[in-house]
Amino acid sequence: MNSDQTPQINCRHSSLTDPKTLSPREDNPNQHDERQLEVIQKILLHQGWRSPIVVSANSGKVVCGHGRLAAALAMNLAEVPVDEQNFESEEDEIAHMIADNRLASMAELDYEKVGDLLRELDASQVDLDMTAFAEWEREPLLNALWEPPDEVSDRDIPQNNSITLTTEQREVFERAASKLRDDEDDSEMSDGRCVELICADFMA
15 MNSDQTPQIN
25 CRHSSLTDPK
35 TLSPREDNPN
45 QHDERQLEVI
55 QKILLHQGWR
65 SPIVVSANSG
75 KVVCGHGRLA
85 AALAMNLAEV
95 PVDEQNFESE
105 EDEIAHMIAD
115 NRLASMAELD
125 YEKVGDLLRE
135 LDASQVDLDM
145 TAFAEWEREP
155 LLNALWEPPD
165 EVSDRDIPQN
175 NSITLTTEQR
185 EVFERAASKL
195 RDDEDDSEMS
205 DGRCVELICA
215 DFMA
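Under the working numbering, the sequence shown has 75 at position 61, and the numbering climbs by one with no breaks.
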């Protein structure tokens with residue numbers, strides 16, 4: 015990090031550009047709240063720029079990096095790294111913008127591994143805000159004890175089985191399940207458990 019609180023440029027880029035001259039796409043569906051922008055600013059100051067803002071050579075609009083651009087404007091930065099890219103059409107440009115927003119959210123976090131990594135970083139006295147996990151999110155991950163069961167049989171592993179019901183049949187089941195949950199004083203009982211107990215009672 016530079017002494018004047020200007021993030022270092024640590025990524026490849028086509029040019030360094032005044033962020034005030036960049037035009038974000040107004041149809042960008044990804045919204046950035048205040049907390050996210052604060053985290054981006056903190057990471058930029060600590061790590062520098064690791065990814066440029068992608069601008070379409072066709073439309074001149076920002077395609078990727080709307081959050082980084084908003085953070086740069088909030089920091090009143092004089093220049094930001096820009097990567098100008100060509101797109102076959104505006105439709106491709108829009109599709110890429112949507113995919114850039116969507117792909118990261120499609121990944122599934124292994125929270126056990128996240129907890130292990132957070133503990134390693136915490137032991138190294140790294141500022142854990144750099145992970146983008148808030149303190150209230152980190153606490154249970156840092157303190158969790160992950161202990162697998164001694165033995166797991168195939169019968170213990172939930173299976174994704176489905177039963178097709180008519181609307182009338184579903185209504186009958188819902189009434190029976192509601193009564194069962196009341197009788198068992200367990201409002202959180204799953205549909206699968208309800209089916210199991212109803213069948214067990216019928217077979218008794």
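We put the beta carbon where it would ideally sit given N, CA and C, even for glycine.
| Beta-carbon proximity check, residue 100 vs residue 62, cutoff 8 Å | Their beta carbons are not under 8 Å apart, which means residue 100 does not touch residue 62 by this criterion.
| said: Is it buried or exposed, residue 111, if we count other Cβ atoms within 10 angstroms and call 16 or more buried? | reply: Here residue 111 is buried, its C-beta having at least 16 other C-beta atoms within 10 Å.
| said: Whole angstroms are fine: how far does the CA of residue 52 sit from the CA of residue 158? | reply: Spanning the two alpha carbons is a distance of roughly 27 Å.
| message | Would residue 28 and residue 75 be called neighbours here (beta carbons separated by less than 8 Å)? | response | Cβ atoms of residue 28 and residue 75: not closer than 8 Å.
| From the DSSP output, which residues share a beta bridge with residue 94? | According to DSSP, residue 94 bridges with 31.
| request: Have a look at residue 42 and residue 114 and give me their C-alpha separation to the nearest angstrom. | output: So the two alpha carbons sit approximately 11 Å from each other.
| said: I'd like the span of the beta strand (DSSP E) that includes residue 78, first residue to last. | reply: Counting along the chain, the beta strand (DSSP E) containing residue 78 begins and ends at 75-78.
| Beta-carbon proximity of residue 81 to residue 50, cut-off 8 Å | Contact flag set, yes.
| request: At 4 residues or longer, and completely inside the region 117-154: list those alpha helix (DSSP H) runs for me, N to C. | output: Qualifying alpha helix (DSSP H) stretches, in chain order: 125-137.
| Bounding residues of the beta strand (DSSP E) (the contiguous stretch that carries residue 70) | Bounds of the beta strand (DSSP E) holding residue 70 are 67-70.
| Taking the alpha carbon of residue 212 as the point to measure from, which residue in 199, 190, 200 has its own alpha carbon closest? | Out of 199, 190, 200, 190 has the C-alpha closest to the C-alpha of residue 212.
| query | When we look at the beta-carbon of residue 204 and count the other beta-carbons within 10 Å, is it buried (16 or more) or exposed? | reply | Using a 10 angstroms sphere on the CB of residue 204, the tally of other CB atoms stays under 16, which defines it as exposed.
| Three-state secondary structure (DSSP) of residue 37 | Strand, per DSSP.
| task | Assign residue 99 to one of three DSSP states: helix, strand, or coil. | result | Note: residue 99 maps to strand in three-state DSSP.
| request: Please list, in chain order, all residues of the same chain as residue 8 whose beta carbon is under 6 Å from its beta carbon, the five residues on each side excluded. | output: Nothing about residue 8 can be reported from this structure: the residues present for the chain run from 15 to 218 only.
| Residues near residue 69 in its chain [Cβ-Cβ closer than 6 Å; skip 5 each side] | Around residue 69: 76, 96, 98.
| task | For residue 152, count neighbouring Cβ atoms within 10 angstroms of its own Cβ and tell me buried if that reaches 16, exposed if not. | result | With 16 or more neighbouring CB atoms inside 10 Å of its own CB, residue 152 falls in the buried class.
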